[in-house]
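Protein chains: 2
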Amino acid sequence: MSPYDPSAFPPFAVTVDLVVLTVRRHELCALVVRRGEAPFQGRWALPGGFVRADEDLAGAAARELAEETGLCAHDPATPELGGAHLEQLATYGAPDRDPRMRVVSVAHLVLAPDLPAPRAGGDAHGARWASVKDLLARETESFQEGDEQSGPLAFDHARILADGVERARSKIEYSSLATAFCTPEFTVGELRRVYEAVWGVALDPRNFHRKVTGTPGFLVPAGGTTTRQGGRPAQLFRAGGATLLNPPMLRPEI
Amino acid sequence: MSPYDPSAFPPFAVTVDLVVLTVRRHELCALVVRRGEAPFQGRWALPGGFVRADEDLAGAAARELAEETGLCAHDPATPELGGAHLEQLATYGAPDRDPRMRVVSVAHLVLAPDLPAPRAGGDAHGARWASVKDLLARETESFQEGDEQSGPLAFDHARILADGVERARSKIEYSSLATAFCTPEFTVGELRRVYEAVWGVALDPRNFHRKVTGTPGFLVPAGGTTTRQGGRPAQLFRAGGATLLNPPMLRPEI
DNA sequence: ACAAAAGTGTTTTGTCTACACCCATGT
DNA sequence: ACATGGGTGTAGACAAAACACTTTTGT
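Sequence order for the protein chains is A and B.
So the first sequence is numbered by numbering that gives the first Met the number 0: it starts at 0 and just counts up by one.
So the second sequence is numbered by numbering that gives the first Met the number 0: it starts at 0 and just counts up by one.
Laid out in structure tokens, this is it:
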């Protein structure tokens, strides 16, 4: 027979979906696009698309990210895309998750600094940043039909978003990934506000400062200072080489 | 047009592969099966198979696990399968990972207590437990052709195995998953030997005892004692309800 | 002068480590 | 008696939380 018997397995469509997170105005936000076609036409969804025949999963994710946000695509072998971090999140493949056909979606998580307004691209009729809190609250609350802001996310995207947020919350605890939410040069206070937004807690600025500057490899001084946050000039830092934090940042109990 | 245009996306085969880990004779071991057909005929591989048209990913993993090990299949919604823990690990989809066709494999991680010799099932010509250390060492070392024990794993299974082992190593740090390697009732010393085997370190028995018995919800007394390890009778425990350990177990620096 | 944010010092409190020591069984 | 593993007590090292205090800017 030919290399393999195609009747031995059912054919699947494979897509990548993106959970793109950023921190804007002290709030954790996710990128959503408005669906232009059925099913879930007009509803908000996570950006994503089909994996092509000749590309790998991370490559497909990087391509979709570039198409949806204008972030330059970089070598997918390196997890940095113009300062953004890309990693695989999880795969969703319930038989009924797409009414059209059997689709397996490999979700990816992107952590990005506060970007300019996203560029609508490809098949998405519109793209915007939305507060994660709002997006997840919509799943259970009642809402007005036709309201531009409202409605639950399409498909199982609320579940995927929740998983991505949970991953981001735990990963910044024991890795230096929180710096992926910052501009290339940032202050300790800006980094603290990232933690506060992602975790939804208030942190003691004094202890936070001591902790992050005392963790070897987390931050390296960039040399300058800035007063863009007001008050006394703050030292600028860049992300250091360390990826794993030891000891980890401690998330307050709430 | 019909519900969806099949020419818009390339068809994929979707499989599940299993990293089944256990602790035997103070060593971390993985389940491997001998391949009965090309490619990689005669080589060891991770158990796995095609996802069927009507089952979800966790269901396919649970079915394959039952076929390969004889572990009774339970409700995939609950992560417990006869004392074993099942979770999704990661998805592997490089275009050339299978020479026959485009295959995306959703790897799952299973942590099981020390089982009787595995039952060969389905298309696998043989199944056995192999030391993780040996399996991963084979990837770089030279080996004798034709030796029953030798040869690197098929496909990208060494990478998948390494990822699964790394996941197990970090998860037992901050969750109570180490109990999934134990029989339903176990002693503190048996649990300690699980940590020692998975991490490849020696732990202080006195401090370990204080730590695990002092972490609320980790262990609940089962009521009896045993001398199966020799020495003074040890209290028997069951896994408690807690899944996240706070504070975590601390892995020694090396 | 005052508000605002950055940074430092100090005390208290808790946890990890290392190790001395005792307990209960099998041989 | 002794080896083996189970379990408790305790002193020192170390890190985190809480908070008083100083520094340096903008208005």
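Positions of the beta carbon are idealized from the N, C-alpha and C atoms, including for glycine.
Minimum Cβ-Cβ distance from residue i to chain B less than 8 Å
i             : result
residue 214/A : no
residue 34/A  : no
residue 153/A : no
residue 217/A : no
residue 103/A : yes
residue 40/A  : no
residue 163/A : no
residue 89/A  : yes
residue 56/A  : yes
residue 177/A : no
residue 200/A : no
residue 44/A  : no
residue 94/A  : yes
residue 185/A : no
8 Å Cβ cutoff met for residue i and residue j
i             : j             : result
residue 202/B : residue 191/B : yes
residue 86/A  : residue 17/A  : no
residue 233/A : residue 224/A : yes
residue 88/B  : residue 173/B : no
residue 34/B  : residue 153/B : yes
residue 106/A : residue 9/B   : no
residue 169/A : residue 241/A : no
residue 182/A : residue 114/A : no
residue 55/A  : residue 163/B : no
residue 214/A : residue 90/B  : no
residue 39/B  : residue 13/A  : no
Any C-beta of chain A under 8 Å from that of residue i
i             : result
residue 16/B  : no
residue 241/B : no
residue 109/B : no
residue 52/B  : yes
residue 8/B   : yes
residue 12/B  : yes
residue 75/B  : In this predicted model, residue 75/B has a pLDDT of only 46, less than 50, meaning its place in the structure is not dependable enough to derive any value.
residue 207/B : no
residue 49/B  : yes
Distance, residue j Cα to residue i Cα
i             : j             : result
residue 198/B : residue 161/B : 13 Å
residue 263/B : residue 179/A : Nothing can be reported for residue 263/B, as the shown portion of chain B is limited to 0 through 253.
residue 47/B  : residue 138/B : 20 Å
residue 127/A : residue 221/A : 32 Å
residue 23/A  : residue 219/A : 24 Å
residue 151/A : residue 102/A : 20 Å
residue 109/A : residue 156/A : 15 Å
residue 50/B  : residue 26/B  : 31 Å
residue 177/A : residue 31/A  : 21 Å
residue 216/A : residue 185/A : 15 Å
residue 94/B  : residue 135/A : 35 Å
residue 104/B : residue 43/B  : 17 Å
residue 231/B : residue 204/B : 14 Å
residue 112/B : residue 84/B  : 10 Å
residue 69/A  : residue 247/B : 40 Å
residue 99/B  : residue 133/B : 28 Å
residue 229/B : residue 207/B : 19 Å
residue 45/B  : residue 28/B  : 12 Å
residue 67/B  : residue 250/B : 32 Å
residue 165/A : residue 125/A : 26 Å
residue 37/B  : residue 7/A   : 15 Å
residue 171/B : residue 235/A : 37 Å
residue 200/A : residue 252/A : 9 Å
residue 227/B : residue 195/B : 19 Å
residue 189/B : residue 159/A : 37 Å
residue 167/A : residue 65/B  : 34 Å
CB-CB length for residue i against residue j, believed under 8 Å
i             : j             : result
residue 254/A : residue 15/A  : Residue 254/A is absent from the model: chain A starts at 0 and stops at 253.
residue 187/A : residue 212/A : 7 Å
Which runs of the alpha helix (DSSP H), 4 residues or longer, sit entirely within the segment 172-198 of chain A?
187-198
Could I get the ranges of all uninterrupted alpha helix (DSSP H) runs contained in the segment 43-115 of chain A, with 4 residues as the minimum, in chain order?
56-68
Which complete beta strand (DSSP E) runs does the segment 197-228 of chain B hold, if anything under 3 residues is left out?
218-225
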